[in-house]
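**Student:** The opening residue of the sequence shown carries number 1 in my numbering; numbering runs sequentially from there. Glycine included, each C-beta is placed from N, C-alpha and C at the ideal position.
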Amino acid sequence: MALRSAVCRLLVNPHRFATISASRAQGSAAPARHEKTEQRPKAPKVQFNWRDALELEGQLTEEEILIRDSFRTYCQEKLMPRILLANRNEVFHREIVSEMGELGVLGPTIQGYGCAGTSYVAYGLIAREIEKVDSGYRTVMSVQSALVMHPINAYGTEEQKQKYLPRLARGEILGCFGLTEHNHGSDLAGMETRAKYNPSSRTYTLTGSKAWITNSPEADIAVVWAKCDDGKIRGFILERGMKGFTTPKIEGKFSLRASVTGMIVMDEVEVPEENLLPHASGQARDMLGGNGISDEYHIIRHVMNLESVNTYEGTHDIHALILGRVITGLQSFTADK
């Protein structure tokens, strides 16, 4: 009853409770603090440089920048004007190899033998600039440098290096790399190409075929891998003109059209023992072959058709933005002035 009476008195005179509460609060409250909050200076806004997202420029040497800029000029002024028709008509311009040889960008990391002897970073910059124009052109350069010149330099004899590397570096001769096969791709364990040694003539007889070989229809030499009698994989240098050595072109290719791709067919090709790469032998690792980009296989057609779907989806998005502007009055996109 006492509690109820107190509540009733409060309801009758609520101002009395407010006065008491205010006086209590004033008596017990701590003195107010009037300190100014120090404002910290704002950190400068970092601008994102989309042209150099990885901040690579500041890490390059003067020589690397010079090499990149010089080759960029060549790529944009000499290669870019050719690529549209080259890709459309599936034309490989053989003279490009000679031009790159004059610039010193073939086998550029190799020391001596007419090569530039640059850093691997410089080689990457060179590949990046030509890739901006077309992957086909870059593939031609990469095969010549990394898959032909490098194996000869790393695994060949001094005589082989002297014989082939200077001419390859000048772009005087073109090379190709024969590993991939029809039935096994680049799986060395299933390799069917065989090399049989003939002790009497000190030669190897190579029999088999390679597929999806960049440069092969135009190549002067081929670094070919074959399985020997002891089961090991060894490399051989084959030259244009050897009996039984042919390189038919693969037609109907819908990728890398500015480069030339073909096969290597070896019908009992007699290869001198001195053309063996003596410091290279091994077993297997798996990679996929290149059948997926031929029009004989349906997949490439579907991939090409998907490009039209991308176009349709893009125009659909633009139409949606236009309709949204009409309906809402809000501009969802602006054009750069």
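(1) Report back the beta-carbon spacing between glycine 136 and serine 259 to the nearest angstrom; my notes put them in contact at under 8 Å.
(2) Looking only at its chain, what residues have a beta carbon closer than 6 Å to the beta carbon of tyrosine 164, apart from the 5 residues adjacent to it on each side?
(3) Please classify alanine 280: does DSSP put it in a helix, a strand, or coil?
(4) For methionine 338, count the other beta carbons within 10 Å of its own beta carbon; 16 or more makes it buried, fewer makes it exposed. Which is it?
(5) Give the single residue among Val133, Gly244 and Phe177 whose Cα lies nearest to the Cα of asparagine 87.
(6) Suppose contacts are defined by Cβ-Cβ distances below 8 Å. Is isoleucine 264 in contact with alanine 222 by that definition?
(7) Tell me where the beta strand (DSSP E) around leucine 238 begins and ends.
(8) In the DSSP output, what is tyrosine 197 paired with across the bridge?
(9) Quick one: which unbroken beta strand (DSSP E) runs of 3-plus residues sit fully inside the stretch 135-205? Chain order, please.
(10) Give me, in chain order, the residues of the same chain whose beta-carbon lies closer than 8 Å to that of leucine 103; leave out the 5 immediate sequence neighbours on both sides.
(11) With which residues is cysteine 228 paired in a DSSP beta bridge?
(12) Alpha carbon to alpha carbon, how far is glycine 58 from tryptophan 50? Give it in angstroms, no decimals.
(13) For arginine 285 and alanine 189, I'd like the C-alpha separation in whole angstroms.
(14) What does the Cβ neighbour count give for asparagine 275, buried or exposed, with the cut at 16 atoms within 10 Å?
(15) Could you name the residues that DSSP lists as bridge partners for methionine 338?
(16) Start and end of the beta strand (DSSP E) containing proline 108?
(17) Below 8 Å between beta carbons: does that hold for glutamine 144 and leucine 85?
(18) Among Thr118, Arg40 and Val269, which has the Cα closest to the Cα of arginine 68?
(19) Please report the distance separating the alpha-carbon of glutamate 251 from that of lysine 243.
(20) If you reduce the DSSP assignment to three classes, tell me which class lysine 249 lands in.
**Tutor:** Taking the geometry as given:
(1) The residue given as residue 136 occupies position 136 in the sequence shown. The residue given as residue 259 occupies position 259 in the sequence shown. With a Cβ gap of about 4 Å, glycine 136 and serine 259 count as contacting.
(2) By 1-based counting over the sequence shown, the position of residue 164 is 164. Cβ within range, chain order: Ile152.
(3) Here residue 280 corresponds to residue number 280 of the sequence shown, with the count starting at 1. If DSSP states are grouped into helix, strand and coil, alanine 280 belongs with the strands.
(4) Because the chain is modelled from 1 through 337, residue 338 falls outside the range shown and cannot be assessed.
(5) Locating residue 87 in the sequence shown gives position 87, counting from the first residue. Cα-wise, what sits closest to asparagine 87 is Val133.
(6) By one-based count along the sequence shown, residue 264 stands at place 264. By one-based count along the sequence shown, residue 222 stands at place 222. Taking 8 Å as the Cβ cut-off, isoleucine 264 and alanine 222 qualify as a contacting pair.
(7) Residue mapping note: residue 238 aligns to position 238 of the sequence shown, counting from 1. Here the beta strand (DSSP E) through leucine 238 covers 233-239.
(8) What you label residue 197 is simply residue 197 of the sequence shown in a count that begins at 1. Per the DSSP secondary-structure output, tyrosine 197 pairs in a beta bridge with Tyr204.
(9) 175-178 and 194-198
(10) Locating residue 103 in the sequence shown gives position 103, counting from the first residue. Excluding sequence neighbours, leucine 103 sits near Ser70, Phe71 and Tyr74.
(11) Numbered from its first residue, the sequence shown carries residue 228 at position 228. DSSP, once it has assigned bridges, lists Ala195 as partnering cysteine 228.
(12) Within the sequence shown, numbered from 1, the residue matching residue 50 stands at position 50. Within the sequence shown, numbered from 1, the residue matching residue 58 stands at position 58. Distance between the alpha carbons of tryptophan 50 and glycine 58: 15 Å.
(13) Along the sequence shown, one-based indexing puts residue 285 at 285. Along the sequence shown, one-based indexing puts residue 189 at 189. Caution is warranted here: a pLDDT of 33 is assigned to arginine 285, below 50, making its placement in the model unreliable, and the coordinate value is therefore given only provisionally. Going from the Cα of arginine 285 to the Cα of alanine 189 covers about 7 Å.
(14) Locating residue 275 in the sequence shown gives position 275, counting from the first residue. Its Cβ being crowded by 16 or more others within 10 Å, asparagine 275 is buried.
(15) The question about residue 338 has no answer here: the residues shown for the chain are numbered 1 through 337.
(16) Numbered from 1 along the sequence shown, position 108 holds the residue referred to as residue 108. Segment: none, proline 108 is in no beta strand (DSSP E) and carries neither H nor E.
(17) In the sequence shown, counting from the first residue as 1, residue 144 sits at position 144. In the sequence shown, counting from the first residue as 1, residue 85 sits at position 85. No, the pair does not count as a contact, with Cβ atoms beyond the cut-off.
(18) If you number the sequence shown from 1, residue 68 lands on position 68. Among Thr118, Arg40 and Val269, the Cα nearest to that of arginine 68 belongs to Thr118.
(19) Reading the sequence shown from its first residue, position 251 is the one you call residue 251. Reading the sequence shown from its first residue, position 243 is the one you call residue 243. Distance from the CA atom of glutamate 251 to the CA atom of lysine 243, rounded to whole angstroms, is 24 Å.
(20) The residue labelled residue 249 in the question sits at position 249 within the sequence shown. Note: lysine 249 maps to strand in three-state DSSP.
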